[in-house]
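Keeping their order, the protein sequence lines are chains A and B.
So in our numbering the end of the first sequence lands on 655, straight run, no missing numbers.
So in our numbering the end of the second sequence lands on 655, straight run, no missing numbers.
There are 2 protein chains.
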Amino acid sequence: MTAPVNAELSASLDAARQDYAALLDKKLKLDLTRGKPSAQQVSLADALLALPGDEFKAADGTDTRNYGGQQGLPELRAIFAEALQVPASQLLALGNSSLELMHDAVVFAQMYQLPGGQRRWSNEERIAFLCPVPGYDRHFTICERFGIEMIPVPMTADGPDVAEVERLVAADPGIKGIWCVPKYSNPDGTTYSDETVRRLATMQTAADDFRIFWDNAYAVHHLTDEEVQVGDILAACAEAGNPDRAFIFGSTSKITLAGAGVAFFGSSEANVKWMLHCAAARTIGPDKINHLRHALFLKDYDGVRAHMRKHRELIGPKFDAVLRIFDEQLKDIATWSHPKGGYFITLNVPDGCAKEIVRKAAEAGIALTPAGSTHPYMDDPEDRVIRIAPTFPSLADIEEAIAGVATCVRLVAYQKLTS
Amino acid sequence: MTAPVNAELSASLDAARQDYAALLDKKLKLDLTRGKPSAQQVSLADALLALPGDEFKAADGTDTRNYGGQQGLPELRAIFAEALQVPASQLLALGNSSLELMHDAVVFAQMYQLPGGQRRWSNEERIAFLCPVPGYDRHFTICERFGIEMIPVPMTADGPDVAEVERLVAADPGIKGIWCVPKYSNPDGTTYSDETVRRLATMQTAADDFRIFWDNAYAVHHLTDEEVQVGDILAACAEAGNPDRAFIFGSTSKITLAGAGVAFFGSSEANVKWMLHCAAARTIGPDKINHLRHALFLKDYDGVRAHMRKHRELIGPKFDAVLRIFDEQLKDIATWSHPKGGYFITLNVPDGCAKEIVRKAAEAGIALTPAGSTHPYMDDPEDRVIRIAPTFPSLADIEEAIAGVATCVRLVAYQKLTS
């Protein structure tokens with residue numbers, strides 16, 4: 237049985253089919269899959285390539301060339317303390333990837349009892365994490381690898397549906413964590429409201445070793461003059477009498493060099509001590525020369541902010557182009573996020589269309605993040621969310637690719653509406 | 237009851253007491269605890285501090301500043317393939333610490349089923365590792381942290397007592413690994429004989445996922461013109477039909493910069509694939525710029541060898557001084573290793589004296605690696621082995637410190653012999 241089709245829809249489908257045929261003829265080869273900085277962006281930090289130069293002593297006289305210094309270079313920790321809202325004394329500067337630190341925190345929690353916990357997670361019958369959706373696929377992969385059950389929670393304009401979070405964590409002692417990208421979230425650009433931050437910090441949890449994995453990946457990655465602030469989760473947790481609740485992660489991967497940046501872990505004194513104890517069996521210390529290199533290059537928090545304004549100059553026009561093209565072409569059939577920072581735009585297409593749109597785009601040579609990636613187990617139940625990553629390609633390529641994506645959206649949506 | 241004391245011993249004790257009193261008066265503050273390069277040694281690689289300079293493209297055109305490249309930079313892997321006896325295609329260049337890689341290999345084996353295994357180690361009732369003694373304390377710490385039982389096996393002049401190793405691994409399916417420092421071993425400088433390597437590769441193991449943790453930390457760290465070779469364990473395992481048996485580790489920590497070097501993992505294709513699968517949930521890739529920096533600096537394997545000769549010029553005299561002072565002062569009461577490479581000298585004192593000697597040295601301001609550190613659970617049953625790490629202090633300090641250690645050995649040994 238087919239639904240009645242009106243003439244207007246039918247004309248729209250015909251137009252989309254023609255546009256898609258023309259798109260195929262272009263034989264594009266464009267990649268919008270990952271949140272990767274462009275060559276121009278990483279070039280902004282090219283001065284790092286010749287640093288530290290003649291210098292190898294830290295401010296406290298430490299020879300950065302030798303072993304030791306598990307906490308990382310103090311002057312670099314000081315620079316990022318304000319950005320990540322963690323006192324420098326509780327902030328560790330470590331390797332080149334915050335994903336590593338999140339992964340290892342989950343691994344360590346399985347191997348070593350957390351502060352406040354009764355046993356190691358590996359000795360629990362069941363471990364679950366709350367996963368605000370849409371969210372970041374690499375968070376979900378960590379859970380999936382270690383058999384941690386993922387419970388989706390819908391994102392709202394204020395962050396995860398906090399009433400639902402409160403209800404779940406209060407009732408279920410198996411829920412040990414929640415993944416959060418609190419500012420300019422991946423993929424929809426949402427910043428958690430102060431109320432959300434406060435309730436996450438104060439809520440009752442059935443688990444006594446519940447942890448908020450606060451992946452502040454886009455802390456300084458503004459796209460507007462507003463420089464949006466997010467509530468201070470560490471302070472809020474401490475005030476609420478839950479000082480050990482938040483693990484805070486950040487990195488310079490999308491500030492300086494994506495492959496050769498510095499990652500940070502911050503938390504309560506007890507959690508930092510726990511992390512250092514776990515790490516002591518693993519390493520004699522992080523690459524302090526890379527820390528020194530970054531400290532010399534960025535200088536201070538204002539230096540970080542000034543550097544991020546240069547990124548905005550490069551990527552702002554790309555985000556604007558995506559939004560403009562969507563606005564021109566998709567107003568009647570899709571919605572999308574309008575991020576004030578971060579690396580992504582979420583495109584919400586008609587239910588049941590996302591997979592097919594991604595497939596059609598791939599056929600036209602436009603690689604998109606696989607539909608479903610924004611959800612645990614790759615399962616977007618409405619098959620609706622497509623993550624757009626506009627930073628890496630050139631502006632001209634973005635324009636071409638997004639026009640192509642819009643064509644695919646119209647084609648698939650009108651096919652569905654007329655079927 | 238006291239044993240009869242002859243006059244000679246009594247005079248020796250009196251002399252040692254006087255020397256120790258004079259030693260205390262010097263109020264020394266010297267540290268021989270860790271195998272740490274000196275400032276002069278790390279300075280040999282100061283050119284790295286301004287590299288890669290204007291360069292950021294790898295030989296294959298890859299932009300090293302951006303994400304990706306899980307296996308590490310091909311040109312750096314090629315440089316270390318010969319040194320570590322692993323085909324470049326099976327050698328990964330990763331972070332700044334081989335200890336991390338060993339730790340993570342043990343962790344991953346608990347979380348992910350190894351090639352050839354039937355289940356993850358965490359699902360086994362019991363896991364044990366063979367620990368040749370004397371050995372490296374950080375290996376033992378990894379086992380201890382994860383509840384892996386450690387079974388000591390005595391070292392011989394040819395490596396671990398291989399008949400004992402064969403007997404143990406054939407009988408006990410719980411034995412999943414053995415720690416090996418095959419060349420210039422930590423702490424006694426032994427290089428495994430070809431026969432030992434062959435038998436480790438060919439022996440029958442009750443466990444089907446047994447792994448040799450081949451920590452080739454001193455592969456190019458020669459102290460003589462001989463440049464000792466060790467058998468190719470990976471080839472030997474493959475020939476014996478046990479291709480997945482060996483995990484090979486190495487790093488440039490004691491070649492270039494101790495805090496900012498590059499670590500390597502090499503193994504069979506199946507093991508490398510397994511390692512990359514495990515690592516893929518953890519990281520988007522290692523610091524390729526540090527790889528490029530190292531490749532530009534070291535150039536090729538001959539460059540590595542030439543660089544190591546400069547280290548030998550700096551540390552050879554320190555090792556010579558230790559051996560000379562021991563020879564002058566301890567010939568009648570102790571024995572010690574005569575390493576042809578590596579970072580340590582093992583001092584074997586009379587049974588039951590090591591802890592007391594380390595204590596006496598500490599009182600005199602000379603910090604030694606704690607007695608027992610060379611054995612699992614810090615338990616040297618004969619209380620006999622002291623590890624001497626002569627690289628970090630200046631030659632003058634080494635001479636002063638080792639003369640002090642010799643005094644402590646004589647004091648404690650003669651006290652024991654006359655008690």
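C-beta: ideal position from N, C-alpha, C; glycine also.
The structure presented is a predicted model; accordingly, all values stated were derived computationally and were not measured.
Next on the checklist: I'd like to know whether the C-beta atoms of residue 298/A and residue 289/A end up nearer to each other than 9 Å.
Outcome noted: No, Cβ-Cβ distance for residue 298/A and residue 289/A is not below 9 Å.
Item to check | C-beta neighbour in chain A for residue 494/B, strict 9 Å | outcome: yes
Checklist entry - What do you get for residue 325/B, buried or exposed, if any count of 16 or more other CB atoms within 10 angstroms of its CB means buried? => result exposed
Checklist entry - Does any C-beta atom of chain B lie closer than 9 Å to the C-beta of residue 522/A? => result yes
Checklist entry - Mind listing which residues of the stretch 329-342 of chain B have their C-beta closer than 8 Å to chain A's C-betas, in chain order? => result The stretch 329-342 of chain B vs chain A, Cβ under 8 Å: 331, 332, 333, 335, 336, 339 and 340.
Next on the checklist: According to DSSP, simplified to helix, strand and coil, what is residue 593/B?
Outcome noted: helix
Checklist entry - Would residue 600/B pass as a contact of residue 552/B if the rule is Cβ separation under 9 Å? => result no
Checklist entry - Is DSSP giving residue 493/B helix, strand or coil here? => result Here residue 493/B sits in coil by DSSP.
Item to check | 9 Å Cβ cutoff, residue 310/A in contact with chain B | outcome: no
Next on the checklist: Taking CB distances under 9 Å as the criterion, tell me whether residue 545/B reaches chain A.
Outcome noted: no
Checklist entry - So, are the CB atoms of residue 302/A and residue 284/B less than 9 Å apart? => result no
Item to check | Per-residue contacts from residue 422/B into chain A (C-beta, under 9 Å) | outcome: Simply none; closest approach about 14 Å.
Checklist entry - What's the C-alpha gap between residue 611/A and residue 417/A? => result 14 Å
Checklist entry - Below 9 Å between beta carbons: does that hold for residue 593/B and residue 648/B? => result yes
Checklist entry - So is residue 609/A in contact with chain E if we call contact Cβ pairs under 9 Å? => result Chain labels in this structure do not include chain E; the protein chains are A and B.
Next on the checklist: Please tell me whether residue 300/A and residue 496/B are closer than 9 Å, where the distance is taken between their beta carbons.
Outcome noted: yes
Checklist entry - Helix, strand or coil: which one does DSSP assign to residue 432/A? => result Reduced to three states, the DSSP call for residue 432/A is helix.
Checklist entry - Per DSSP, residue 299/B forms a beta bridge with which residues? => result 293/B
Checklist entry - How about residue 319/A and residue 456/A: are their beta carbons less than 9 Å apart? => result yes
Checklist entry - Among 392/A, 579/A, 538/A and 328/A, which residue has its Cα nearest to the Cα of residue 423/A? => result 579/A
Checklist entry - Is the stretch 536-545 of chain A close to the stretch 336-356 of chain B, with three or more CB pairs under 8 Å? => result no
Checklist entry - Does the distance from the CB of residue 499/A to the CB of residue 483/A come in under 9 Å? => result With respect to the 9 Å criterion, residue 499/A and residue 483/A are not classified as neighbours on the basis of their beta carbons.
Checklist entry - Which of helix, strand or coil does DSSP assign to residue 325/A? => result In this structure, DSSP gives residue 325/A a helical state, which the three-state scheme calls helix.
Item to check | residue 452/A burial status per 10 Å Cβ neighbour count (16 or more: buried) | outcome: With 16 or more Cβ atoms within 10 Å of its Cβ, residue 452/A is classed as buried.
Next on the checklist: If contact is defined by three or more beta carbon pairs under 8 Å, each pair taking one atom from either stretch, is the stretch 548-567 of chain A in contact with the stretch 376-394 of chain A?
Outcome noted: The answer is no - the stretch 548-567 of chain A does not touch the stretch 376-394 of chain A, with fewer than three Cβ pairs under 8 Å.
Checklist entry - Mind checking if residue 300/A is an interface residue toward chain B, Cβ cutoff 9 Å exclusive? => result yes
Next on the checklist: With three or more C-beta pairs closer than 8 Å as the rule, is the stretch 556-564 of chain A touching the stretch 365-372 of chain B?
Outcome noted: Touching, no.
Checklist entry - For a contact meaning CB atoms closer than 7 Å, what does residue 378/B contact in chain A? => result Simply 517.
Checklist entry - If you drop the 5 nearest sequence neighbours on each side, which residues of the same chain put their C-beta closer than 8 Å to that of residue 248/A? => result 646 and 650
Checklist entry - So residue 629/A and residue 260/A are in contact, right, with Cβ under 8 Å, and what is the actual spacing, rounded? => result No, residue 629/A and residue 260/A are not in contact; Cβ-Cβ is about 19 Å, not under 8 Å.
Checklist entry - Taking the alpha-carbon positions, what's the residue 487/B to residue 501/B distance? => result 9 Å
Next on the checklist: Here's a check: name, in chain order, each residue in its chain whose Cβ is nearer than 7 Å to the Cβ of residue 349/A, leaving out the five neighbours to either side.
Outcome noted: Counting only Cβ-Cβ distances below 7 Å, and skipping sequence neighbours, we find 355 and 356.
Next on the checklist: Any beta carbon from chain A within less than 9 Å of residue 278/B's own beta carbon?
Outcome noted: yes
Next on the checklist: Count Cβ pairs between the stretch 454-474 of chain A and the stretch 425-441 of chain A that sit closer than 8 Å; are there 3 or more?
Outcome noted: Touching, per the Cβ criterion.
Next on the checklist: Taking a contact to mean a Cβ-Cβ separation below 9 Å, would you say residue 340/B touches residue 514/B in this structure?
Outcome noted: yes
Next on the checklist: With a threshold of 6 Å on Cβ separation, who are the neighbours of residue 307/A within its own chain once the five nearest residues in sequence on each side are excluded?
Outcome noted: Cβ contact annotation for residue 307/A (same chain, cutoff 6 Å, sequence separation greater than five): 328, in chain order.
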